[in-house]
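So the sequences go chain by chain: V and R. Take 1 as the starting number for the first sequence in our numbering and just add one per residue. Take 114 as the starting number for the second sequence in our numbering and just add one per residue. No residue lacks a Cβ here, since even glycine has one placed at the ideal position from N, Cα and C.
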Amino acid sequence: DAKTTQPPSMDCAEGRAANLPCNHSTISGNEYVYWYRQIHSQGPQYIIHGLKNNETNEMASLIITEDRKSSTLILPHATLRDTAVYYCIVRVAGSSNTGKLIFGQGTTLQVKP
Amino acid sequence: NAGVTQTPKFQVLKTGQSMTLQCAQDMNHNSMYWYRQDPGMGLRLIYYSASEGTTDKGEVPNGYNVSRLNKREFSLRLESAAPSQTSVYFCASSESFRDRLYNEQFFGPGTRLTVL
């Protein structure tokens with residue numbers, strides 16, 4: 001599975017969009033980009049995933065560059081409850097993979113009033 | 114629907130003691146996982162069970178054993194606890210990787226273990 005690089009920390013004002021970057025320059029053609037977050041002391045929570053097209057769900061949007069070497073998770077209107085560590089994970093999906101997730105150190109997002 | 118449950122929530126052990134961490138899921142998932150998280154670090158995979166009856170080592174399996182008791186339950190055992198095993202332990206489950214293109218994992222609330 002490809003390695004990812006994320007900034008260790010970011011701040012965002014409440015109500016503004018939070019844009020969290022992730023570099024995955026060694027990503028392979030069959031590897032998906034996943035985002036999870038971990039609110040303090042809780043288990044991680046799935047946010048979104050994508051292969052090459054941009055994706056949106058009720059929690060966030062995922063923008064993947066055309067060369068797939070980087071992506072951005074967007075929380076459109078950040079709230080104080082979005083303060084968490086955000087993990088970008090790249091892995092192969094489907095029957096050839098056992099489902100393991102390899103977590104890095106993530107980005108600590110602090111949403112401020 | 115409780116999701117993934119873990120017991121106990123907290124535990125303090127002395128070096129050399131043994132204990133078993135319990136995990137159960139009620140989502141009829143085939144795959145289950147055990148992770149550990151040390152302070153300021155991301156999660157690291159200890160063991161996983163892709164389906165009932167199978168278990169495999171993850172990144173950091175030394176000092177641990179697992180049992181997939183049935184489809185619902187996946188336990189983690191420390192035979193002789195060491196201070197280096199002080200950590201927060203998370204259990205997770207997911208649907209069969211053969212049935213879906215992606216693999217959303219659902220995590221339990223964690224067990225906070227201190228080994229003195």
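Residue(s) in a DSSP beta bridge with residue i
{"i": "V:GLN45", "result": "V:ARG37"}
{"i": "R:LEU189", "result": "R:LEU134, R:VAL179"}
{"i": "R:ALA205", "result": "R:TYR146, R:PHE220"}
{"i": "V:LYS112", "result": "V:ALA13"}
{"i": "V:ILE89", "result": "V:TYR34"}
Sub-8 Å separation of residue i and residue j beta-carbons
{"i": "R:LEU134", "j": "R:LEU189", "result": "yes"}
{"i": "R:GLY155", "j": "V:GLY104", "result": "yes"}
{"i": "V:THR72", "j": "V:SER9", "result": "no"}
{"i": "V:THR83", "j": "V:GLN110", "result": "yes"}
{"i": "R:GLU165", "j": "R:ASN183", "result": "yes"}
{"i": "R:GLY116", "j": "R:MET132", "result": "no"}
{"i": "V:ARG68", "j": "V:ILE27", "result": "yes"}
{"i": "R:VAL228", "j": "R:GLN150", "result": "no"}
{"i": "R:CYS136", "j": "R:GLN119", "result": "yes"}
{"i": "R:TYR177", "j": "R:LEU158", "result": "no"}
{"i": "V:HIS77", "j": "V:ALA17", "result": "yes"}
{"i": "R:SER162", "j": "R:PHE187", "result": "yes"}
{"i": "R:VAL179", "j": "R:TYR148", "result": "no"}
{"i": "V:ASN23", "j": "V:SER70", "result": "yes"}
{"i": "V:ILE48", "j": "V:MET59", "result": "yes"}
{"i": "V:PRO44", "j": "V:PRO21", "result": "no"}
{"i": "V:ASN54", "j": "V:ILE63", "result": "yes"}
{"i": "V:TYR36", "j": "V:TYR87", "result": "yes"}
{"i": "V:LEU101", "j": "R:GLN138", "result": "no"}
Three-state secondary structure (DSSP) of residue i
{"i": "R:LEU226", "result": "strand"}
{"i": "R:GLN198", "result": "helix"}
{"i": "R:ASP169", "result": "strand"}
{"i": "R:LEU126", "result": "strand"}
{"i": "V:SER96", "result": "Residue placement at V:SER96 is poorly supported in this model, since its pLDDT is 48, which falls under 50; the coordinates still yield a value, given next. In this structure, V:SER96 counts as coil in the three-state DSSP scheme."}
{"i": "V:THR5", "result": "strand"}
{"i": "V:ASP11", "result": "strand"}
{"i": "V:LEU75", "result": "strand"}
{"i": "V:ARG81", "result": "helix"}
{"i": "V:PRO21", "result": "strand"}
{"i": "R:GLN218", "result": "coil"}
{"i": "V:ILE63", "result": "strand"}
{"i": "V:THR107", "result": "strand"}
{"i": "V:THR26", "result": "coil"}
{"i": "V:GLY50", "result": "strand"}
{"i": "V:LYS69", "result": "coil"}
{"i": "V:GLU58", "result": "coil"}
{"i": "V:ARG16", "result": "coil"}
| query | Can you list, in chain order, the stretches of the beta strand (DSSP E) that have 3 or more residues and sit fully within the region 139-166 of chain R? | reply | 144-150, 156-162
| said: Under 8 Å, with one C-beta from each stretch per pair, do the region 80-92 of chain V and the region 194-211 of chain R reach the 3-pair mark? | reply: no
| request: Identify each residue in the region 19-48 of chain V for which the Cβ-Cβ distance to at least one residue of chain C is less than 9 Å, and report them in chain order. | output: Within the model displayed, chain C is absent; protein chains V and R are what it includes.
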